[in-house]
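Participant:
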Amino acid sequence: MVSTASQIGPFHFDNVLMNAAGVYCMTREELEAVRHSAAGTFVTKTATLEARAGNPEPRYQEVPLGSINSMGLPNQGLDYYLEYLLELQETVPEKTYFLSLVGLSPDETHTILKKVQASSYNGLVELNLSCPNVPGKPQIAYDFETTEHLLTEVFSYFTKPLGVKLPPYFDIVHFDQAAAVFNQFPLTFVNCVNSIGNGLYLEEETVSIKPKQGFGGLGGQYIKPTALANVHAFYQRLKPEIQIIGTGGVLTGRDAFEHILCGASMVQIGTQLQKEGVGIFERVTAELQAIMAEKGYQTIEDFRGKLKYID
Ligand code: RRO
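Residues in the sequence shown are numbered consecutively from 1, following full-length UniProt numbering.
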């Protein structure tokens, strides 16, 4: 019997597939839809301390090879997601979920993380170091000094299982430098990758989304090779205690299989989940199981990280 179960740190998931932050996770209703689908768990929309309306619409556009967005961090505020997760902790204590968050400043990030630390929340936390769409706020993880400083402070008080959501890197030296920073900390996971920041997609003579004169994060088919490279680069460089979550360009079981071959312990679906709805988890799971069965793999661990190089 083929199993797509997996683990992050001490937490077990019946299925390796889940949503990517930003998709199907803004409200309880959307999160409930993912929870009751074939997904192994869910991650909430990245929360700031207070609720935010985000950027003006249109701010998300499906395009033939994926999506472009400049949502601008719309969310219901930390308390909304934390309260919901604490309720689930009472009603389904055997399940673990991911709470995504970031502040609009380092101070706000610490305020948020201290609230989570002080709460009885016992699930996973994903600190988003890679939002590309808040005007005037650079992606934190492209600044290694700021990232190191932030994580040093965070781990002086935060003791719950924490991972980081990373932007894609595009240079081998940057993989080396980023990994050297992350290896200093007791991170539970890194999630590779967030959208490829600041693309432009034109319809006729006009940009396709309103904020930032059309500049927005790319997702979907465009980004799979970049995502796989980042998953594998960090799989090669990070200490084994830091697991990898693979995100980017997953439309099929084959795409999920490739992320796992590159080293991913969980695989997230964003753009294609938005296009297809939560039924995608059943389809991609079945496709992944069929590939595993054909190759004689019974568990994810039979092939995770085992992609083959050409001698
Ligand atoms: O809300 C957004 O504009 C957004 C975020 Br926080 C993110 O991390 N990645 C993205 O593509 N959009």
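Note that beta-carbon positions come from the ideal geometry of N, C-alpha and C, so glycine has one too. All figures in this text were calculated on a predicted structure; none of them were measured in a lab.
Just to confirm, is the Cβ distance from P167 to S130 under 8 angstroms?
Facilitator: Against a cut-off of 8 angstroms, the Cβ pair of S130 and P167 comes out as a contact.
Participant: If you draw a straight line from the alpha carbon of K114 to that of Y84, how long is it in whole angstroms?
Facilitator: Going from the Cα of K114 to the Cα of Y84 covers about 18 angstroms.
Participant: Given this structure, state the Cα-to-Cα distance separating T44 from E153, to the nearest angstrom.
Facilitator: 24 angstroms
Participant: Restricting to Cα atoms, I'd like to know which of I8, C25, F13, S3 is closest to L273.
Facilitator: Out of I8, C25, F13, S3, C25 has the C-alpha closest to the C-alpha of L273.
Participant: For a test of the three-state rule: what should DSSP assign to I242, helix, strand or coil?
Facilitator: DSSP places I242 in coil when its eight states are reduced to three.
Participant: Return yes when the Cβ of Y222 is within less than 8 angstroms of the Cβ of L65, no when it is not.
Facilitator: yes
Participant: Heavy atom of ligand 1 less than 7 angstroms from the Cβ of L73, yes or no?
Facilitator: yes
Participant: In whole angstroms, what separates the C-alpha of M18 from that of L187?
Facilitator: Straight-line Cα distance between these residues: approximately 20 angstroms.
Participant: Report the partner residues of L166 according to the DSSP bridge assignment.
Facilitator: C192
Participant: For T299, which option in I8, V16, G9, T146 has the closest C-alpha, if you only look at C-alpha atoms?
Facilitator: Per the Cα distances, V16.
Participant: Just how far apart, CA to CA, sit L251 and A33?
Facilitator: 19 angstroms
Participant: Shorter than 7 angstroms, the distance from the beta carbon of P10 to the closest heavy atom of ligand 1, or not?
Facilitator: No, ligand 1 has no heavy atom inside 7 angstroms of this Cβ.
Participant: Confirm, please, whether the CB-CB distance from Y121 to L99 is below 8 angstroms.
Facilitator: yes
Participant: By Cβ distance below 7 angstroms, which residues in the same chain neighbour Q177 in space, the five residues on each side in sequence not counted?
Facilitator: F144
Participant: To the nearest angstrom, how far is the alpha carbon of E30 from that of Q236?
Facilitator: 35 angstroms
Participant: Using 10 angstroms around the beta-carbon of P135, count the other beta-carbons present and answer buried if the total reaches 16, otherwise exposed.
Facilitator: exposed
Participant: Taking 7 angstroms as the cut-off, is the beta-carbon of C131 closer than that to any non-hydrogen atom of ligand 1?
Facilitator: C131: yes, Cβ under 7 angstroms from ligand 1.
Participant: Within the region 11-60, note down every full alpha helix (DSSP H) run reaching 4 residues or more, in order along the chain.
Facilitator: You should have 28-35.
Participant: Using the Cα positions of N128 and L101, report the straight-line distance between them to the nearest angstrom.
Facilitator: 6 angstroms
Participant: Roughly how many whole angstroms lie between the Cα atoms of I245 and N194?
Facilitator: 11 angstroms
Participant: Cα-Cα, which of H232, N69, L124, R35 is closest to T91?
Facilitator: R35
Participant: Please list, in chain order, all residues of the same chain as G189 whose beta carbon is under 6 angstroms from its beta carbon, the five residues on each side excluded.
Facilitator: The sequence shown places Phe at residue 189, rather than the Gly named in the question. Result list for F189: I8, G163, Q243, I245, in chain order.
Participant: Pick helix, strand or coil for G214, following the three-state DSSP scheme.
Facilitator: helix
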